[in-house]
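Before any comments, here is the structure.
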Amino acid sequence: MLGKLITPANIKVDLESTEKDEVFEELLEVIIAAQPEIDRQEALESLNAREEKMSTGIIPGIAVPHAVCDSVHGIVTAIGVSRGGIEYASLDGSPVHFIIMMLFQQGETESHLQTMRDIAAVLQHPDFIKVIMEKKTAQEVYDALCDFEMEQPE
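Residue numbers (the numbering used here): 134 to 287.
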């Protein structure tokens, strides 16, 4: 599933942002490059509204900001890797180094939930963050994600 949602073009290694608000803007640029018809303001407001309910920094070092947007068609994704870490107000209080941002089309509840389950399974691998942080290019991060996904039971 991840291999179909993500391409190396959706991955930004060496994020410049150091705070959550900045990283949302930075990764939205990646998403809008893939789907220019997305309403940037709507997407940002949707992400922030979701984040106000509960931090999406739920796995140590990892955040999964996601939201439903009227201007999105299907599912769009962007991934960011931060070497220095991002202040994220994560549940464990530690900085985030890997972010997978997703925007979902309105009314696609089942695919939304399935995608979140698939991603959670990959992100919970004990070596995930260590392996990802060793990667230097978007292609290497993409290949590692696909490898982790292939390890998941059907």
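From the three backbone atoms N, C-alpha and C, an ideal C-beta is built for every residue, glycine too.
Since the model is a prediction, treat every value here as computed from it, not as a measurement.
Since residue i is in the alpha helix (DSSP H), which residue starts that stretch and which ends it?
i, result
"leucine 180", "173-186"
"leucine 224", "Leucine 224 -> no alpha helix (DSSP H), and no H or E assigned at all."
"isoleucine 191", "That residue, isoleucine 191, is in no alpha helix (DSSP H); it is neither H nor E in DSSP."
"glutamine 168", "Here glutamine 168 belongs to no alpha helix (DSSP H), and DSSP marks it neither H nor E."
"glutamine 257", "Unbroken run through glutamine 257: none, as it is neither H nor E."
"lysine 268", "Neither: lysine 268 is in no alpha helix (DSSP H) and is coded neither H nor E."
Roughly how many angstroms separate the alpha carbons of residue i and residue j, rounded to a whole number?
i, j, result
"glutamine 238", "valine 255", "23 Å"
"histidine 206", "glutamine 247", "17 Å"
"aspartate 154", "glutamine 257", "25 Å"
"isoleucine 171", "leucine 177", "10 Å"
"leucine 224", "methionine 187", "9 Å"
"alanine 142", "valine 163", "8 Å"
"isoleucine 252", "glycine 226", "22 Å"
"glutamate 152", "isoleucine 219", "5 Å"
"glutamate 159", "proline 198", "13 Å"
"leucine 161", "glutamate 149", "13 Å"
"glutamate 241", "glutamate 175", "17 Å"
"glycine 217", "alanine 277", "20 Å"
"isoleucine 262", "glutamate 243", "28 Å"
Taking the alpha carbon of residue i as the point to measure from, which residue in the options has its own alpha carbon closest?
i, options, result
"glutamate 184", "His206, Lys263 and Phe157", "Phe157"
"aspartate 147", "Ile165, Ala166, Phe281 and Lys268", "Lys268"
"valine 214", "Glu282, Lys137, Glu284 and Gln272", "Gln272"
"serine 249", "Pro259, Phe261 and Leu236", "Per the sequence presented here, residue 249 reads as methionine, with serine not at that position. Answer by Cα proximity: Leu236."
"proline 259", "Gly194, Ile165 and Ala166", "Gly194"
"asparagine 181", "His245, Met234 and Glu284", "Met234"
Would you say residue i touches the ligand ADP, meaning its beta carbon is less than 7 Å from a heavy atom?
i, result
"asparagine 143", "With respect to the ligand ADP, the structure shown offers nothing to examine, as it has no ligands at all."
How would you write the range of the beta strand (DSSP E) that residue i sits in, first residue to last?
i, result
"glutamine 294", "Residue 294 lies beyond the residue range present for the chain, which begins at 134 and ends at 287; the question has no answer from this structure."
"valine 146", "Premise fails: valine 146 is in no beta strand (DSSP E) and is neither H nor E."
"isoleucine 208", "208-219"
"valine 201", "199-202"
Counting only the same chain and skipping the five closest in sequence on each side, list residues whose C-beta sits under 6 Å from that of residue i.
i, result
"alanine 196", "Thr189, Gly190, Tyr221, Val229 and Ile232"
"isoleucine 139", "Thr210"
Which residues in the same chain as residue i place their Cβ atom closer than 7 Å to its Cβ, once the five residues preceding and following it in sequence are excluded?
i, result
"serine 179", "Ala200, Val201 and Cys202"
"isoleucine 144", "Ile212, Ala271, Val274 and Tyr275"
"isoleucine 192", "Leu256 and Gln257"
Which residues in the same chain as residue i place their Cβ atom closer than 8 Å to its Cβ, once the five residues preceding and following it in sequence are excluded?
i, result
"glutamine 168", "Val205, His206 and Val209"
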